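Trainee: Going by this note's numbering, the final residue of the sequence shown carries number 1350, and the count climbs one at a time with no gaps.
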Amino acid sequence: MDCLHREIREETELAVTIRRPVEAVSWQNAAGKDRFAVYYDCATDESGVSLSDEHTESEWTSKAIACERLSEVQATATRRATEPEAIE
């Protein structure tokens, strides 16, 4: 989990609590390379995002709007992470 904490901190300057994995998926990208991703339920009390040079914008939004904008896998992970029984 240290890598995930570090990556989030480097890209957003947010300190997060990592709760649990909510989705895992593997696929091949357009170049035929195998890829694997794990999506985690994370929480923070912070609202100020300071982006790294890798990003140009950010936005806090509702779950419904986020799910409209995300891929199906990302939307599924978002719904699973925000189910009432999943929140501690």
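The C-beta atom is built at its ideal place from N, Cα and C for all residues, glycine as well. As the structure is a prediction and not an experimental result, all values here were calculated from the model.
Between GLU1308 and the rest of its own chain, which residues show a CB-CB distance below 7 Å, the 5 nearest in sequence each way excluded?
Mentor: Within the same chain, GLU1308 has close Cβ partners LEU1276, ALA1277.
Trainee: When you compare each of LYS1325, LEU1332, ARG1331, GLU1330 to PRO1346 by their alpha carbons, which one comes out closest?
Mentor: Nearest option by C-alpha distance: LYS1325.
Trainee: For ASP1264, does the three-state DSSP call read helix, strand or coil?
Mentor: ASP1264 falls in the helix class under three-state DSSP.
Trainee: Could you check what DSSP says for GLU1285 in three-state terms: helix, strand or coil?
Mentor: Three-state DSSP puts GLU1285 in a strand.
Trainee: On the CB-based measure, 16 or more other CB atoms within 10 Å of its CB, does ASP1303 come out buried or exposed?
Mentor: With 16 or more other Cβ atoms within 10 Å, it is buried.
Trainee: Is it right to say VAL1300 is buried, meaning 16 or more other beta carbons lie within 10 angstroms of its own, or is it exposed?
Mentor: Result: exposed.
Trainee: Do you know offhand how far VAL1311's Cα is from THR1338's?
Mentor: Distance between the alpha carbons of VAL1311 and THR1338 is about 24 Å.
Trainee: Ignore the nearest five residues each way along the sequence and tell me which others in GLU1319's own chain have a CB closer than 8 Å to its CB.
Mentor: Excluding sequence neighbours, GLU1319 sits near LEU1313.
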